[in-house]
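Position one of the sequence shown corresponds to residue -13 (this note's numbering), numbered consecutively onward.
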Amino acid sequence: MNDIPSMQRAGANAVKAIIDDVIAEKLDVEKIFSGSKGTFRIADLGCSVGPNTFIAMQNITDAVQQKYQSQGLAFEMPEFQVFFNDHASNDFNTLFVSLPPERSYFATGVPGSFHGRLFPNFSLDFVYSSYALQCLSKVSEELLNKNSAVWNKGRVHYASAPDEDITAFLDCRAKELMVGGLLVLIMPGVPNGIPHASALTGAIFDFLGQCLMGMAKEGLISEAQVDTFNLPVYFASPKEMTQLVERNECFSIERMEITLPCAGADDLIV
């Protein structure tokens, strides 16, 4: 299976043109500039340590600059501030040492979970997250309860959507984004109507579960250990994401596309 940084890079390359188009068509720079005091603020949620985040942030700032120029606002070009967010355990030292010296933005680190609040109300103009939202904050308690209908015996992944994390993410971003701002999410997903076990990631996780059960039968680990081991990841379908966004009622989906960024990968939802 492709490693996450490689998939992030492939995903960023696959959606660059989409992001450029959305910024050109949908970003309301006049409304944003009137309340931004000359600074355009971008957040990369789940940034890791680079270099993919640097490529994505430069692409976004370039597209925003082009938008200002196309609107005849080159004389009001804002300064850019980028907030790099990830868990506190992320190697922020490596991130900051690796910052491009010729970058066109001021850089700030923001440790913490993006499933909760990270920024003040209406303080961001653009939020970006790539290959991060599929990671859940925790394993559902129901999966650890033997008496639960969703007890995950012998399996290591989710077969149905745990809505709480994505709902919390959207609720927090709705408070933090300026009116007229944009939220861009890049995440691996599965096609509508396809059982998760039939998708590539589902097949891989099923194989992992079978391997662990095989180890349990050989006495290398216990079945109880397998039953209580669940990977905190979930790959949503476009339909599921649409329902969650519509339920939030603070965002409108301006554009959603499905792409295949690299060989051997599942579909990518943008």
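Cβ atoms here follow ideal geometry from the backbone N, Cα and C, with glycine treated the same way.
(message) Applying the 10 Å Cβ sphere with the 16-neighbour rule, what's the burial state of His73?
(response) It counts as exposed.
(request) Go ahead and pull the three-state DSSP assignment for Gln52. (result) Reduced to three states, the DSSP call for Gln52 is helix.
(message) Nearest by alpha-carbon distance to Met227: which of Leu217, Asn216 and Arg241 is it?
(response) Nearest option by C-alpha distance: Arg241.
(request) Starting from the Cα of Asn38, find the closest Cα among Ala3, Tyr117, Ile190 and Ala185 and give me that residue. (result) Nearest of Ala3, Tyr117, Ile190 and Ala185 to Asn38, Cα basis: Tyr117.
(request) Specify, as a first and last residue, the run of the beta strand (DSSP E) that Ala93 falls within. (result) That run of the beta strand (DSSP E) goes Phe92 to Pro97.
(request) Pull up the CB-CB distance for Gly164 and Phe108, whole angstroms please, since I reckon it's below 8 Å. (result) First, the residue type needs correcting, since residue 164 is Met and not Gly in the sequence shown. 5 Å between Cβ atoms; contact.
(request) Compare the beta carbon distance of Val15 and Leu59 with 8 Å and say whether it is the shorter of the two. (result) Val15 places its beta carbon less than 8 Å from that of Leu59.
(request) Report back the beta-carbon spacing between Val170 and Tyr114 to the nearest angstrom; my notes put them in contact at under 8 Å. (result) Right, the Cβ-Cβ distance comes to about 5 Å (below 8 Å), so this counts as a contact.
(request) Return the CA-CA distance between Val136 and Lys161, expressed in angstroms with no decimal places. (result) Low local confidence applies: a pLDDT of 46 at Val136 is under 50, so the model's placement there is unreliable, and no value is given.
(request) Just the C-alpha distance for Tyr91 and Gly167, rounded to the nearest angstrom, thanks. (result) As the crow flies, the alpha-carbon of Tyr91 is around 18 Å from that of Gly167.
(request) Using alpha carbons as the reference points, say which of Pro181, Cys33 and Met63 lies closest to Asp77. (result) Per the Cα distances, Cys33.
(request) If I'm right that Asn79 touches Leu104 with Cβ under 8 Å, what's the distance once you round it to whole angstroms? (result) Contact between Asn79 and Leu104 does not hold, since the beta-carbon distance rounds to 20 Å and is not under 8 Å.
(request) Give the DSSP-derived three-state secondary structure of Pro177 in the structure shown. (result) Coil, per DSSP.
(request) Determine the extent of the alpha helix (DSSP H) in which Gln258 is found, giving its start and end residues. (result) Here the chain covers residues -13 to 256 and nothing more, so residue 258 does not appear.
(message) Below 8 Å on the Cβ atoms is my contact criterion, and I expect Leu122 with Asp151 to pass it. Report the Cβ-Cβ distance as a whole number of Å.
(response) Yes, they are in contact, since the Cβ atoms of Leu122 and Asp151 sit about 5 Å apart, within 8 Å.
(message) Could you compute how far the alpha carbon of Cys236 sits from the alpha carbon of Ala93?
(response) Going from the Cα of Cys236 to the Cα of Ala93 covers about 28 Å.
(message) From the DSSP secondary-structure annotation, give me the bridge partner or partners of Tyr114.
(response) Tyr114 is bridged by DSSP to Asp30 and Val170.
(request) Using three-state DSSP, classify Val83 as helix, strand or coil. (result) Of the three classes helix, strand and coil, the one that applies to Val83 here is helix, per DSSP.
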